[in-house]
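In the UniProt record's numbering, the protein residues as written are 1 to 294.
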């Protein structure tokens, strides 16, 4: 039976080793994470006991005062940066979808933020946003302004600004690739029928681009929900709890302050479930968009 199954699907013989390795690297740590979340294990203490769902009860009952705040700002950050990056990326893609002399230079400038690691990006922007010696405030000084960018009131927005700067080009390139792959026949038919540019954009370009737009949303929503490098490099989750996203909350509980690995694992499980649920919704929307296009 098994031999017949593989005989009908010869490609499985080539991908099974990779699938097995990926499965081990995915499922073993995940099972270990779920197991840790059900214990009171603390870093440096070899003895621990099974506590069941106590860690999750602590989270959802409000005993962990920062948990719900971290959930709110994580979801808010995801919605904010995904929307802004989609809007700016779409605008850049439209601008690039034409021929001009400096187009290669424009693409080179777009690739620079994508090629930089988020941790290095955070360090560079931390210097640029320095309240006293940063280049941003130096330029604002010519207009008589000055902003404490990494203050409790501004740290969240500064983190969002850096994320938008680094990831908007990624969205733009995805949408630009979609624009360049659009078929010409619908546009020719629309021109014969006398459709104007707004009508062509609304009824032809946007429906055809929907799968690529949804793909960009999937990538950016998932990535921004689990963001760690940029906020850690900029603020280490502070000042106070201003940028204490769920990923930073996991780090603070497990490694930075208390060493409560069991509680940290419980937050990680919640983050994993949240990412999985949002991914499922977005991927279903993406598949629906692809089916409608087809």
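C-beta: ideal position from N, C-alpha, C; glycine also.
Straight-line Cα distance separating residue j from residue i
i: residue 235; j: residue 81; result: 18 Å
i: residue 67; j: residue 216; result: 29 Å
i: residue 224; j: residue 168; result: 12 Å
i: residue 51; j: residue 65; result: 20 Å
i: residue 129; j: residue 253; result: 28 Å
i: residue 237; j: residue 244; result: 4 Å
i: residue 263; j: residue 277; result: 21 Å
i: residue 178; j: residue 40; result: 49 Å
i: residue 176; j: residue 220; result: 16 Å
i: residue 140; j: residue 160; result: 19 Å
i: residue 47; j: residue 124; result: 42 Å
i: residue 126; j: residue 184; result: 46 Å
i: residue 19; j: residue 12; result: 9 Å
i: residue 103; j: residue 112; result: 15 Å
Local Cβ density within 10 Å of residue i, reported as buried at 16 or more and exposed below that
i: residue 310; result: There is no way to answer for residue 310, as the model of the chain reaches only from 1 to 294.
i: residue 45; result: exposed
i: residue 89; result: buried
Residue i, enclosing alpha helix (DSSP H) - first and last residue
i: residue 361; result: For the chain, the structure presents residues 1 to 294; residue 361 sits outside this window and is missing.
i: residue 249; result: 246–251
i: residue 55; result: 54–61
i: residue 220; result: 206–225
i: residue 68; result: 67–96
i: residue 179; result: 155–180
i: residue 197; result: 197–200
Inter-residue CB distance, residue i and residue j (contact presumed, cutoff 8 Å)
i: residue 36; j: residue 265; result: 4 Å
i: residue 172; j: residue 93; result: 5 Å
i: residue 83; j: residue 155; result: Wrong, their Cβ atoms sit about 20 Å apart, outside the cutoff.
i: residue 218; j: residue 282; result: 4 Å
i: residue 151; j: residue 239; result: 7 Å
Any C-beta of chain D under 9 Å from that of residue i
i: residue 159; result: The structure shown has no chain D; it contains just one protein chain.
Worksheet item: Counting Cβ pairs closer than 8 Å, one from the region 216–229 and one from the region 114–130, do we hit at least three?
Response: Short answer: they touch.
Worksheet item: Any chance the region 195–204 sits against the region 145–152, with 3 or more Cβ pairs inside 8 Å?
Response: Taking 8 Å as the limit for Cβ pairs, the verdict is that the region 145–152 does not touch the region 195–204.
Worksheet item: Is the region 61–78 close to the region 132–139, with three or more CB pairs under 8 Å?
Response: Contact between the region 61–78 and the region 132–139 is absent: fewer than three C-beta pairs spanning the two stretches fall below 8 Å.
Practice prompt. State whether the region 265–272 contacts the region 56–74, with contact taken as three or more CB pairs (one from each stretch) at a distance under 8 Å.
Written response: A contact exists between the region 265–272 and the region 56–74.
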